[in-house]
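Working notes, structure below.
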Amino acid sequence: MMDLASHGFPPESLQALAEASAAINSTLDLNEVLERIAERAAAVLNAEAACVLTYDRMRHRLVFAAAFGERGAELVGKSFDANLGIAGHVLETGNPENIVDVSRDPDFFKGIDEQSQFETRGLMAAPMVHRDRSVGVVEVLNRADGTFGDADLQLLKVFANLAAIGARNAQTHLSLRRQTEALRGSVLGSSTIIGSAKPFRATLDLADRVAPTQATVLLEGETGTGKEVLAKYIHNASSRASGTFVAVNCAALPEALLESELFGHEKGAFTGAVAKRVGRFELADEGTLFLDEIGDISASTQVKLLRLLQERAFTRVGGTETISSDVRIMAATNRDLKQLIADGTFRDDLYYRLNVFPIALPPLRDRRDDIPALAQHFARESGFAVGVEVAGVADDAVALLAAYDWPGNIRELANVIERAVLLADGPVVLPSHLPPEISTIGERRPDAAQRGLRANERSVIVDALRENRWNQSAAARALDISRDNLRYRIKKYNITRDEA
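Residue 35 is where the sequence shown starts when you use the working numbering, and the numbers rise one by one after that.
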């Protein structure tokens, strides 16, 4: 707490400042703090009206966050360029100003009085400074018993610094609360990446390249290919890793609820809106917002999303206040957005805003070399979740998993392994624990073309093993496949050392 007595203020001013500081710091609700700053500023300086303007650094605008006095509420939520007006000059210089007669000051903007229907005669403004950084401006208007003097200006300067501390504490509290709410709704969890197959390595290389940037990322691929896991991986490798990762499934909510979920809503905006709600864009401030199934959003939501991407600002449902949010957008889809554009159901301008850095995720059938490692990983995860110690998946079960086409991709594999772990009598997943469509793959009779292809593949594997004297690691490198994949094929074709 600063030493107020050293400023030479009279006892009544010191008492007023102490009471104002206590009132401002008695709550951590940001809106209440700002309202109390405006109210107490008028009381301490014996002014007819007062207002608090916060600095929106991203948009470089000053925003009327709170106002005290007749018709002051008319101004709340309005904003203007931070280079303009007396408040803009105070913000830029960091020095308080006392304008005895605003009619003679060229920086005074009469439009504010016209909007609020209030006549300003004299005005004082002081920057709210926290740790050498201006976070806003406090203004007081019209001293009730005359004009403001130099002592009043010094008093306002001290008051503004006290107010800045309270405002900053409330902003920090709001940020922490948003992160907590976001984590409740979307737990970040693990972003462990498993895979060494060539198609997936190419995908991961792109993710590593874009992660350190602020570029918008569009993840494309079939359902279940791991788009959200890759989005979390990119977030964790970015400069926003300490921020919140918020995921929204756009296909899971109807239009009205989706807009409320994304942008938030004001109290009374619609039936059931009994309180104000902060949207996902606000919750993800300084973090990442992941919009899954972006191809399923409505035309009206597309317009609002486009505006946010262009201006980094939005309004809550039922509200008028413009809110800015520093969010990195990552979107995902399993649909052909270009075809949706041709069909007239998706905006081409939104597509180009989202498609800054597209990354395609390969289906699991194109990265079969990764199936053994993925299966073992999911087995251990599932065992831990149900309290069972799982050693892994048996080789013959892995061989069956690798031979299946996986139309549901990694998500289907995870579900199959979870079911198998629950069915297993011991610590190892066996072929009998797999569903029939997988466990009976080896019993199906191949047609003539398949038999010829398999015979040729068997011959190539035998030759590679023979040339490398049954060194399976060396043979796998020669065939450009993983060692697990080679072992699977050795079992599949019943190849023995005698042949190689």
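Built from N, CA and C at the ideal position, the CB exists for glycine as well.
Only a predicted model underlies this, so the values are computations on that prediction, with no experimental measurement involved.
- For the pair GLY258 and ARG445, the CB atoms are nearer than the 7 Å cut-off.
- The alpha-carbon of LYS232 is positioned some 13 Å away from that of ILE405.
- Excluding its 5 nearest sequence neighbours in each direction, GLU108 has C-beta neighbours in its own chain below 7 Å: GLN149 and SER150, listed in chain order.
- With respect to the C-alpha of VAL337, the residue from VAL494, ARG399, GLU293 and ASN389 having the closest C-alpha is GLU293.
- The DSSP assignment places complete beta strand (DSSP E) segments of no fewer than 3 residues inside the segment 83-117 at 95-102 and 113-115, in order along the chain.
- Just so you know, the alpha carbons of ILE120 and PHE348 end up roughly 27 Å apart.
- With a contact defined as Cβ atoms closer than 8 Å, SER273 and ASP403 miss out at about 33 Å.
- The Cβ atoms of PHE297 and GLY277 lie no closer than 7 Å to each other.
- Your pair ILE268 and MET364 checks out as a contact, with CB atoms roughly 7 Å apart and the cut at 8 Å.
- Ranked by Cα distance from HIS299, the first of ALA285, CYS284 and GLU316 is GLU316.
- DSSP, reduced to helix, strand and coil, places ASP360 outside both helices and strands of the structure shown, so it counts as coil.
- Under the DSSP assignment, ILE444 falls in the alpha helix (DSSP H) whose first and last residues are 443-457.
- Burial of ASN443 is indicated by the presence of at least 16 other C-beta atoms within 10 angstroms of its C-beta.
- For LYS301, the number of other beta carbons within 10 angstroms of its own is below 16, and it is reported as exposed.
- Bridge partners of ASN283 according to DSSP: ASP326.
- Inter-residue distance for GLN188 and THR367 is about 58 Å (C-alpha atoms, whole angstroms).
- In this structure, the CA atom of LEU240 is about 29 Å from the CA atom of THR335.
- Secondary-structure assignment with DSSP links PRO392 through a beta bridge to LEU252.
- A direct Cα-Cα distance of roughly 60 Å separates THR206 from LYS526.
- At the C-beta level, LEU96 and ALA116 come within 7 Å of one another.
- Counting every other CB atom within 10 Å of its CB across the protein chains shown gives LYS261 a total of 16 or more, marking it as buried.
- Taken atom to atom, the span from the alpha-carbon of SER416 to that of GLN410 is near 10 Å.
- Going by beta carbons, ARG387 and LEU343 fall inside the 7 Å limit.
- Rounded to whole angstroms, ALA197 and SER55 show a C-alpha spacing of 7 Å.
- Residue state for ILE120 is assigned as helix, using DSSP reduced to three classes.
- The continuous alpha helix (DSSP H) containing GLY145 extends over residues 144-150.
- For VAL163, the pairing in a beta bridge is given by DSSP as SER168.
- For GLY200, the three-state secondary structure derived from DSSP is helix.
- In the DSSP annotation of this structure, the continuous segment of the beta strand (DSSP E) that includes ILE133 starts and ends at 131-133.
- The beta-carbon separation of VAL422 and VAL463, rounded to 11 Å, does not stay under the 8 Å limit for a contact.
- About 14 Å separates the Cβ atoms of ALA194 and VAL67, ruling out a contact at the 8 Å cut-off.
- Around the CB of PHE304, fewer than 16 other CB atoms lie within 10 Å, so the residue is classed as exposed.
- In this structure, the CA atom of GLY255 is about 27 Å from the CA atom of ARG346.
- Between the alpha carbons of ALA83 and GLU69 lies a distance of about 12 Å.
- Looking at SER493, ASP141 and ILE524, the one whose alpha-carbon comes closest to that of GLN506 is ILE524.
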